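Take the sequence shown: its letters are residues 1 to 322, numbered as in UniProt numbering.
Only one structure is covered here, and it is reproduced in the block below.
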Amino acid sequence: MIQLINMPLVDDILNEYNSNDELNSVCRKYGCDGIEAIWGGEDCSFPVEKSLIRGWHLAFFCDWVDFWNKNEIELIRKFRHRETWETFYGGKDRNALLKMIGDDLDRADRAGAEYVVFHVSDVSVEEVYTYKWLHTDEEVVDTSAELINQLMDHKNYRFKLLLENLNWSGFTFTRPEITKRLLQKVHYKNKGIMLDIGHLMCTNPELQNTDQAIDYIHKMLDEHDILCRYIKGIHLHQSLSGDYVKENTRIAPQLPEDYWEKFGVAYEHILNIDTHKPVSNSRMKGVIARINPEYLVHELAASDRKEKERVLKVQTDTLLSY
Numbered sequence: 001m002i003q004l005i006n007m008p009l010v011d012d013i014l015n016e017y018n019s020n021d022e023l024n025s026v027c028r029k030y031g032c033d034g035i036e037a038i039w040g041g042e043d044c045s046f047p048v049e050k051s052l053i054r055g056w057h058l059a060f061f062c063d064w065v066d067f068w069n070k071n072e073i074e075l076i077r078k079f080r081h082r083e084t085w086e087t088f089y090g091g092k093d094r095n096a097l098l099k100m101i102g103d104d105l106d107r108a109d110r111a112g113a114e115y116v117v118f119h120v121s122d123v124s125v126e127e128v129y130t131y132k133w134l135h136t137d138e139e140v141v142d143t144s145a146e147l148i149n150q151l152m153d154h155k156n157y158r159f160k161l162l163l164e165n166l167n168w169s170g171f172t173f174t175r176p177e178i179t180k181r182l183l184q185k186v187h188y189k190n191k192g193i194m195l196d197i198g199h200l201m202c203t204n205p206e207l208q209n210t211d212q213a214i215d216y217i218h219k220m221l222d223e224h225d226i227l228c229r230y231i232k233g234i235h236l237h238q239s240l241s242g243d244y245v246k247e248n249t250r251i252a253p254q255l256p257e258d259y260w261e262k263f264g265v266a267y268e269h270i271l272n273i274d275t276h277k278p279v280s281n282s283r284m285k286g287v288i289a290r291i292n293p294e295y296l297v298h299e300l301a302a303s304d305r306k307e308k309e310r311v312l313k314v315q316t317d318t319l320l321s322y
């Protein structure tokens with residue numbers, strides 16, 4: 001099993017490591033073999049060595065299905081002005097999304113990544129408060145497959161395509177029929193699942209502790225039965241935010257009219273739901289052993305290198321006997 005650290009390719013973050021040797025040393029210190037990279041939007045002055053980049057998390061938009069489908073009624077309701085949504089998405093139509101993700105696929109290929117991760121989800125600013133989805137799981141999965149197929153049909157990429165579950169509308173890993181539908185509709189042969197443990201916890205706001213969460217994960221694995229063979233990787237972290245969700249959702253608060261301000265407020269709200277805290281319950285080793293993934297990514301939130309190493313130590317110590 002290859003263990004990795006999630007790492008944005010952003011100078012402010014990478015420069016804390018001074019050199020590739022130092023970054024590699026930190027990886028080895030916590031039993032990791034490299035990083036799962038995510039592009040930060042522009043080239044870095046710190047060029048990470050290809051040997052350290054084992055996985056690549058593709059760029060994504062949280063809210064994109066209405067833009068893809070040219071649903072101007074919804075776009076106007078969400079953004080108010082065409083100029084705002086064209087600035088947000090970087091173009092006038094779906095070609096902007098195809099270019100953004102297509103360019104990122106090519107970056108991953110050039111970096112020699114062994115896999116790429118694609119979010120199969122759609123959620124608007126309002127939905128993260130109301131939990132009333134504008135699109136069904138089926139719609140989001142079908143549209144995601146359409147996008148993926150347009151990007152990857154007739155391409156000869158060497159990497160695996162791993163589809164990630166989230167806790168919004170789309171692929172949640174709570175409905176085996178949706179998981180099967182997604183895998184059937186994506187044409188790319190070298191595909192699988194990146195099971196995000198924290199996101200799966202977020203689908204059940206009744207969870208009160210890590211033992212309940214681990215039992216719930218096993219239940220979802222039981223229900224997926226033979227489909228579990230498609231799980232090639234795990235994003236490991238935990239989010240037990242059910243009490244916060246119950247207290248801060250169902251009714252959207254008064255949000256700023258300006259979309260960028262509104263997005264910023266909603267993003268802070270999302271961080272209180274999807275907390276990316278370190279796993280500290282050793283029973284999680286049983287989940288990992290059951291799945292037996294090729295890749296285990298320590299996907300932990302941290303404000304700086306010191307905090308990153310602190311949470312890495314908590315989580316890797318928990319798995320030390322694995």
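C-beta atoms are modelled at their ideal positions from N, C-alpha and C, and glycine is treated no differently.
The structure displayed is predicted, hence computed values, not measured ones.
*Do you know how far the Cα of K285 is from the Cα of Y322?*
Note that Y322 has pLDDT 44, beneath the 50 cutoff, so the model's placement of it is unreliable and no number is given.
*asked:* So T203 and S239 are supposed to be a Cβ contact under 8 Å. How far apart are they, rounded?
replied: Going by Cβ atoms, the distance from T203 to S239 rounds to 10 Å, so no, they are not a contact pair.
*Segments of 3+ residues assigned as beta strand (DSSP E) that fall wholly inside the segment 35-95*: 53-57
_First and last residue of the uninterrupted alpha helix (DSSP H) at N271_ = It is Leu, not Asn, that sits at residue 271 in the sequence shown. Here the alpha helix (DSSP H) through L271 covers 259-273.
*At what residues does the alpha helix (DSSP H) containing I193 begin and finish?*
I193 -> not in any alpha helix (DSSP H); beta strand (DSSP E) instead, spanning 191-196.
*Would you kindly report the start and end of the unbroken alpha helix (DSSP H) that includes N149?*
137-152
_Alpha-carbon spacing of A252 relative to R94, whole angstroms_ = 29 Å
*Using three-state DSSP, classify V314 as helix, strand or coil.*
helix
*In whole angstroms, what is the alpha-carbon distance linking Y295 and R80?*
42 Å
*Range of the contiguous beta strand (DSSP E) that encloses E164*: 160-164
*Can you name the start and end residues of the beta strand (DSSP E) that I2 belongs to?*
2-9
*So, V125 versus V140, is the Cβ gap smaller than 8 Å?*
no
*Do you know offhand how far R77's Cα is from T316's?*
45 Å
*asked:* Using the three-state DSSP reduction, which class does I101 fall into: helix, strand or coil?
replied: helix
_Pick from G170, K180, A113, T136 that is closest to F159, judged by C-alpha positions_ = A113
*In terms of alpha-carbon separation, which member of S51, R310, G31, R250 lies closest to A37?*
S51
*asked:* I'd like to know whether the C-beta atoms of C27 and I35 end up nearer to each other than 8 Å.
replied: yes
*Quick one: any contact between the segment 250-268 and the segment 209-218, if contact means 3 or more CB pairs under 8 Å?*
no
*Would the segment 161-178 and the segment 196-212 be scored as touching if the rule is three or more Cβ pairs under 8 Å?*
yes
_Less than 6 Å between C-beta atoms, sequence neighbours within five positions excluded: which residues of the same chain meet that for Y89?_
F67, A96
*Nearest to Y115 (by Cα), restricted to the options G40, Y188, D21, A289*: Y188
*Taking 8 Å as the cut-off, decide whether the C-beta atoms of residue 324 and W168 are in contact.*
Lying before the first or after the last residue shown, residue 324 is absent from the chain, which here runs from 1 to 322.
*In chain order, what residues of the same chain have a beta carbon less than 8 Å from the beta carbon of L271, not counting five sequence neighbours either side?*
A301
_Rounding to the nearest angstrom, what Cα-Cα distance links K155 and D63 in this structure?_
26 Å
*asked:* With a threshold of 7 Å on Cβ separation, who are the neighbours of E223 within its own chain once the five nearest residues in sequence on each side are excluded?
replied: P176
_Cβ-Cβ distance between P293 and M1 below 8 Å_ = yes
*In chain order, what residues of the same chain have a beta carbon less than 6 Å from the beta carbon of R181, not counting five sequence neighbours either side?*
V141
*Kindly indicate which residue of E309, H237, I226, T130 has the alpha-carbon position closest to the one of K246.*
T130
*For V120: DSSP bridge partner residues*: In DSSP, V120 forms no bridge with anything.
_Separation of T84 from V65, as counted between CA atoms_ = 16 Å
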